[in-house]
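Trainee: Counting the sequence shown from 1 gives a position; my numbering is that position plus 7. Ideal placement from N, C-alpha and C gives every residue a C-beta, glycine not left out.
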Amino acid sequence: MKIIRSLTAMAAWSGGLVRKDVKIGLVPTMGALHEGHRALIRAARLRCDALVVSIFVNPAQFGPQEDLAKYPRPISQDRALCRKEGVDICFEPTVEAMYPKGFQTMVTLPAIAHRWEGAVRPHHFSGVATVVTKLFGIVRPRIALFGQKDFQQSALIRQLVKDLNLGVEIVVNPTVRETDGLAMSSRNVYLSPDDRIRAVTLYKGLQAGAEAIRRGITDAETVRSAMVQVVKKEPALTIDYLSVCDPYTLEPLPAVRSRVVLLGAVRIGSVRLIDNLLTTPPRRSS
Ligand code: AMP
8 MKIIRSLTAM AAWSGGLVRK DVKIGLVPTM GALHEGHRAL IRAARLRCDA
58 LVVSIFVNPA QFGPQEDLAK YPRPISQDRA LCRKEGVDIC FEPTVEAMYP
108 KGFQTMVTLP AIAHRWEGAV RPHHFSGVAT VVTKLFGIVR PRIALFGQKD
158 FQQSALIRQL VKDLNLGVEI VVNPTVRETD GLAMSSRNVY LSPDDRIRAV
208 TLYKGLQAGA EAIRRGITDA ETVRSAMVQV VKKEPALTID YLSVCDPYTL
258 EPLPAVRSRV VLLGAVRIGS VRLIDNLLTT PPRRSS
């Protein structure tokens, strides 16, 4: 495995392969790699000839009060995981190279990015869309993989690729969870041991929503109440949002008629957790 830090070296490596029609795959990450990332890397390895994992803690997607400085950066462990999974290039650009003096252009956002995470973290998605566009330009992948864990982010990336004709196939991989159901996240290390146990309540809330839908409840507010009730049982959690949405537009729905996404975000201590479940209502027999 090769480690590349310079943008020109990365672009030269990719350019050589693109000319030979080699299929490049990209898994963009911020490092602190866990089993969720490993699953993305494995899924990517099966779908491309040359695999690039980018590790870049992108300042443009952090708000001023967020955890940019303390975001975990265990780079040797990350490289070891990449090496073990057969990654060809670990691309680790510097902030100065990605955002040099005079950098100005930011991608503006589609409607799907305005609600939920977009409302709570106003600059986040514009930072994500911009860095992903830059990574696609440098690495020139034919395929890129993202996690369902960040559902709104993957919807945004699909829209971005479609609207700007970026010509990259987007694959969204299922969420990898801890044994109790908590979605794996690089930020879980911030949780105190007690909060770590309580954190699974978000997933339990989403499951209660999915269960209500399976039982045939179609009124979205009733489904939402089922989620809220479960999450509220754990006083350490503050709900940012729990919603029943259209999986394409991410607009809240009045009723569950076909597949929906249940989106949730909570705060626990200083940590914010997000999670989601895709759920299909039972077929009605007529
Ligand atoms: P991050 O390093 O947090 O920016 O995440 C990099 C990629 O890994 C994103 O596409 C995430 O959605 C994905 N990812 C993070 N956590 C998980 C998880 N638990 N399961 C699946 N994919 C994940």
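Measure the C-alpha to C-alpha separation of residue 203 and residue 281 and round it to an integer number of angstroms.
Mentor: 14 angstroms
Trainee: So, is residue 157 buried or exposed, given that buried needs 16 or more other C-beta atoms within 10 angstroms?
Mentor: Counting Cβ neighbours within 10 Å, residue 157 comes out buried, since at least 16 surround it.
Trainee: Could you tell me if the beta carbon of residue 139 falls within a distance shorter than 7 angstroms of some heavy atom in the ligand AMP?
Mentor: no
Trainee: For residue 277, which of helix, strand or coil comes out of DSSP?
Mentor: coil
Trainee: Please go through the same chain and pick out, in chain order, the residues whose beta-carbon is closer than 6 angstroms to the beta-carbon of residue 182, but skip the five residues on each side of it.
Mentor: Excluding sequence neighbours, residue 182 sits near 155, 156 and 190.
Trainee: Under a three-way DSSP split, which group does residue 9 fall into?
Mentor: In the structure shown, the three-state DSSP call for residue 9 is strand.
Trainee: Which one of 68, 8 and 96 has the shortest CA to CA distance from residue 124?
Mentor: 68
Trainee: What's the call for residue 115, buried or exposed, on a 16-neighbour Cβ count within 10 Å?
Mentor: exposed
Trainee: CB of residue 37 to nearest heavy atom of the ligand AMP: below 7 angstroms?
Mentor: yes
Trainee: Please indicate yes or no: does the CB of residue 182 lie closer than 7 angstroms to some heavy atom of the ligand AMP?
Mentor: yes
Trainee: Residue 245 lies in the beta strand (DSSP E); which residues open and close that run?
Mentor: For residue 245, the enclosing beta strand (DSSP E) begins and ends at 244 to 252.
Trainee: Might you give, ordered along the chain, the residues of its own chain that have their beta carbon closer than 7 angstroms to the beta carbon of residue 10, omitting 5 neighbours on each side?
Mentor: 86, 97 and 99
Trainee: What number of angstroms, rounded off, separates the C-alpha of residue 109 from the C-alpha of residue 32?
Mentor: 30 angstroms
Trainee: Between the region 10 to 24 and the region 127 to 135, do at least 3 Cβ pairs fall closer than 8 angstroms?
Mentor: Using a Cβ-Cβ distance cut-off of 8 angstroms, the region 10 to 24 and the region 127 to 135 are not in contact, since fewer than three pairs of beta carbons, one from each stretch, lie closer than that value.
Trainee: Can you tell me whether DSSP reads residue 205 as helix, strand or coil?
Mentor: Here residue 205 sits in helix by DSSP.
Trainee: Heavy atom of the ligand AMP less than 7 angstroms from the Cβ of residue 44, yes or no?
Mentor: yes
Trainee: The ligand AMP heavy atoms versus the CB of residue 193: any closer than 7 angstroms?
Mentor: yes
Trainee: Cβ of residue 154 within 7 angstroms of any heavy atom in the ligand AMP?
Mentor: yes
Trainee: Return the CA-CA distance between residue 224 and residue 38, expressed in angstroms with no decimal places.
Mentor: 40 angstroms
Trainee: May I ask whether a heavy atom of the ligand AMP can be found less than 7 angstroms away from the beta carbon of residue 187?
Mentor: no
Trainee: Reducing DSSP to helix, strand and coil, say where residue 182 ends up.
Mentor: coil
Trainee: Assuming residue 43 is part of the alpha helix (DSSP H), what are its boundary residues?
Mentor: Start and end: 42 to 52.
Trainee: Please go through the same chain and pick out, in chain order, the residues whose beta-carbon is closer than 7 angstroms to the beta-carbon of residue 254, but skip the five residues on each side of it.
Mentor: 266, 267, 268 and 285
Trainee: For residue 36, which three-state DSSP category applies?
Mentor: Strand at residue 36.
Trainee: Quick one: which unbroken beta strand (DSSP E) runs of 3-plus residues sit fully inside the region 76 to 105? Chain order, please.
Mentor: For the beta strand (DSSP E) assignment, the uninterrupted runs of no fewer than 3 residues enclosed by the region 76 to 105 are, from N- to C-terminal side, 96 to 98.
Trainee: Find out if the Cβ-Cβ distance for the pair residue 35, residue 167 is shorter than 8 angstroms.
Mentor: no
Trainee: Mind the definition here: the region 230 to 244 touches the region 208 to 215 only if three or more C-beta pairs lie below 8 angstroms; say whether that holds.
Mentor: Inter-segment contact for the region 230 to 244 and the region 208 to 215 is present: three or more beta-carbon pairs are separated by less than 8 angstroms.
Trainee: My output table needs one value for residue 158: the three-state DSSP class, helix, strand or coil.
Mentor: helix
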